[in-house]
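Asks:
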Amino acid sequence: MLFVIATVLGADLTGLFAILAAAAFAVGMALQGSLGNFASGILILTLKPFKVADWIQVEDKFGRVVEIGIFSTDVLTPGNKILIIPNSMITESVVTNYSEKGMIRLELEVTMPYEESFPKVRQVLEEALKEVSKILPEPVPEIGIVDFDSHNVQLIVRPYVLPDDFWEVTFSANKAIKKAFSAHDIKVAYSEGVEIGKIGE
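Using the working numbering, the first residue of the sequence shown is number 852, and each one after it goes up by one.
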């Protein structure tokens, strides 16, 4: 009514209408995101792809679910950080539920010098992992060569653990590997100097 009266009186409301239209568009876009997260929250709570205390991974985000809300899900990372993940991101991504699967595979990076024997190092690693009680016996840990750099041969060690034991086993396994390398005199190269040497078996 006020707009009609102002128009009759000859007021130019073109600028005001433009501002209102822009504001309405901005509010609409904001609501679109919120409504998307709300709808995704309803889906998550209905379909229950995970629950509180489950370990999940969404894209590169990994941690334990501490709260599932209508608009977002809170995840506690192994580094003790809370990630507030919009629910629409969860429903639009591939979600890995490690708790549902019952186990998680660790990715431990290890190096060995070129002149060292890989079969020997692999055996040393296998024996070291047996010293870590919370590593699951099945599936058997995977040990292999993944890359070569100017200093070392890059190895990957993949034992399986229960999700709740993720960090404890990570620390324990790395400690056991270092101890085993020291006991078997397996050396590594330092970045301060590079020597040309033989390539072992």
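Heads up, the beta-carbon is just placed ideally off N, CA and C, and yes, glycines get one too.
1. Tell whether a beta-carbon distance below 8 Å holds between residue 983 and residue 1023.
2. Exposed or buried, residue 939, counting other C-beta atoms within 10 Å across all chains shown (16 or more means buried)?
3. Excluding the 5 residues preceding and the 5 following residue 980 in the sequence, name in chain order all residues of the same chain whose CB lies nearer than 6 Å to its CB.
4. Tell me whether residue 904 is buried or exposed, calling it buried when 16 or more other Cβ atoms sit within 10 Å of its Cβ.
5. Suppose the cutoff is 7 Å on Cβ atoms and the five residues either side in sequence are ignored; what does the same chain contact list for residue 1037 look like?
6. Can you tell me the Cβ-Cβ gap for residue 900 and residue 914, rounded? I've got them flagged as a contact below 8 Å.
7. Hey, would you say the C-beta of residue 969 is under 7 Å away from at least one heavy atom of the ligand ADP?
8. Output needed for residue 1035: all residues of its chain with C-beta closer than 6 Å, excluding positions within five of it in sequence on either side, in chain order.
9. Straight-line CA distance for residue 953 to residue 1018?
10. Counting only the same chain and skipping the five closest in sequence on each side, list residues whose C-beta sits under 7 Å from that of residue 890.
11. Would you list, in sequence order, the uninterrupted beta strand (DSSP E) runs of no fewer than 3 residues that lie entirely inside the stretch 951 to 1012?
12. Give me the Cα-Cα distance between residue 961 and residue 895, rounded to the nearest whole angstrom.
13. Less than 8 Å between the beta carbons of residue 994 and residue 1008, yes or no?
Replies: Per the coordinate set shown:
1. yes
2. So residue 939 counts as buried.
3. 986, 992, 1010
4. exposed
5. Excluding residues within five positions, the ones whose Cβ falls inside 7 Å are 963, 967, 972, 975.
6. About 15 Å separates the two Cβ atoms, so there is no contact after all.
7. This structure simply doesn't include the ligand ADP, nor any ligand for that matter.
8. 975
9. 16 Å
10. none
11. The qualifying runs are 959 to 963, 993 to 999, 1004 to 1009.
12. 39 Å
13. yes
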